[in-house]
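Visitor: Each residue of the sequence shown is one higher than the one before, starting from 184 at the first, in my numbering. The C-beta atom is built at its ideal place from N, Cα and C for all residues, glycine as well. Remember, it's a predicted structure, so these values are computed and weren't measured experimentally. I have a structure I would like to understand better, so I am pasting it below and will then ask my questions one at a time.
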Amino acid sequence: MKPVRTITAPGLPLDRSDVDTDQIIPSDWLKRVERTGFEQGLFSEWREDPGFVLNDPRFADARILVAGPNFGTGSSREHAVWAIQQYGFEAVISPRFGDIFRNNSTKNGLVPVQVSGEVARTLLDAVADDPSIEITVNVEQLTLSAPAAGVSAAFPLETSVQHRLLEGLDDIGLSLAHADAIDSFESTRPAWLPAMA
184 MKPVRTITAP GLPLDRSDVD TDQIIPSDWL KRVERTGFEQ GLFSEWREDP GFVLNDPRFA
244 DARILVAGPN FGTGSSREHA VWAIQQYGFE AVISPRFGDI FRNNSTKNGL VPVQVSGEVA
304 RTLLDAVADD PSIEITVNVE QLTLSAPAAG VSAAFPLETS VQHRLLEGLD DIGLSLAHAD
364 AIDSFESTRP AWLPAMA
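This is the structure in C-alpha cells:
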C-alpha cells in the first residue's frame with residue numbers, strides 16, 4: 184500500500200444514492216482468481232448506457248469519485264474497493280458510507296471522505312458543470328477543498344486510520360512495524376512450542 188498524504192485531481196460526479204457493492208462490481212466479476220483487472224467491471228452494468236458518467240470523456244482524468252449518500256452499502260466484497268482503485272480513483276467523497284466498504288477502503292489505501300449532504304451536493308453540481316474543477320483531499324490535515332466550487336470542509340478519520348493511510352500500512356505492514364518485538368518474543372519461546380519458520 185502506498186502512503187497517501189494529499190490528492191489533488193478532478194472529480195467524477197456519480198449523482199446516485201444508495202450505491203451498493205453489487206452495483207460497483209457485479210457478482211460475475213467475483214469469479215476471477217487474480218486480484219487485477221477489476222477496473223473493467225467497475226459499474227459495468229451501468230456502463231452499458233452510453234450516457235453513464237463513466238463513459239463521458241470529459242471526466243477521463245478524474246481520480247476522485249464524488250458520490251451521493253449511502254455509497255458502498257450491501258455485501259462485504261473487497262472487490263468493490265479494488266475496482267475503484269484499479270480504475271484510477273484514489274478517494275471517494277460521500278455524505279455516508281457503508282461501514283464494511285469504508286473499512287475495506289482504508290485497509291487498501293482508498294480514502295473515504297465523509298462530508299455533509301450540503302457539501303456533497305455543492306461539489307456534485309459544480310463538477311458536473313465544470314469537469315476541470317480540481318479537488319484536494321488532504322489526509323494530513325483532514326480537509327477537503329475545491330476553491331473553484333466554493334468548497335472547504337473538514338472530514339473525519341480515526342487517528343489509527345489516518346496513520347495507516349499516511350504511512351501506507353496495510354494489515355501486514357501494521358504487524359511488521361512490530362517485527363523486533365515479535366522476533367524478541369519468538370526467541371524466548373520454549374522449544375516445544377510451535378515457532379515461526
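Return the chain-ordered list of same chain residues with a C-beta closer than 6 Å to the C-beta of T319, the five sequence neighbours on each side being excluded.
Guide: Indexing the sequence shown from 1 puts residue 319 at position 136. Hits under 6 Å: T191, S328.
Visitor: Where does the unbroken alpha helix (DSSP H) through L349 begin, and where does it stop?
Guide: The count along the sequence shown starts at 1 and reaches residue 349 at position 166. From DSSP, the alpha helix (DSSP H) with L349 extends over 342 to 350.
Visitor: Taking DSSP as the reference, what is the three-state secondary structure of F254?
Guide: The sequence position of residue 254 within the sequence shown is 71, counting from 1. In the structure shown, F254 sits in a strand (DSSP, three-state: E or B).
Visitor: Taking the alpha carbon of K290 as the point to measure from, which residue in Q345, P339, N321 has its own alpha carbon closest?
Guide: What you label residue 290 is simply residue 107 of the sequence shown in a count that begins at 1. Closest option to K290, Cα to Cα, is Q345.
Visitor: Roughly how many angstroms lie between the CA atoms of Q223 and S367, to the nearest whole one?
Guide: Counting from one through the sequence shown, the residue named residue 223 turns up at place 40. Counting from one through the sequence shown, the residue named residue 367 turns up at place 184. Spanning the two alpha carbons is a distance of roughly 46 Å.
Visitor: Is the distance from the Cβ of V275 to the Cβ of V296 below 8 Å?
Guide: Indexing the sequence shown from 1 puts residue 275 at position 92. Indexing the sequence shown from 1 puts residue 296 at position 113. The answer is yes: Cβ separation under 8 Å.
Visitor: Verify whether the separation of the beta carbon atoms of A263 and F284 is less than 8 Å.
Guide: Taking the sequence shown and counting its residues from 1, one reaches residue 263 at position 80. Taking the sequence shown and counting its residues from 1, one reaches residue 284 at position 101. Cβ distance < 8 Å, so A263 and F284 count as in contact.
Visitor: CA-CA distance, L349 and T342?
Guide: Counting from one through the sequence shown, the residue named residue 349 turns up at place 166. Counting from one through the sequence shown, the residue named residue 342 turns up at place 159. Spanning the two alpha carbons is a distance of roughly 10 Å.
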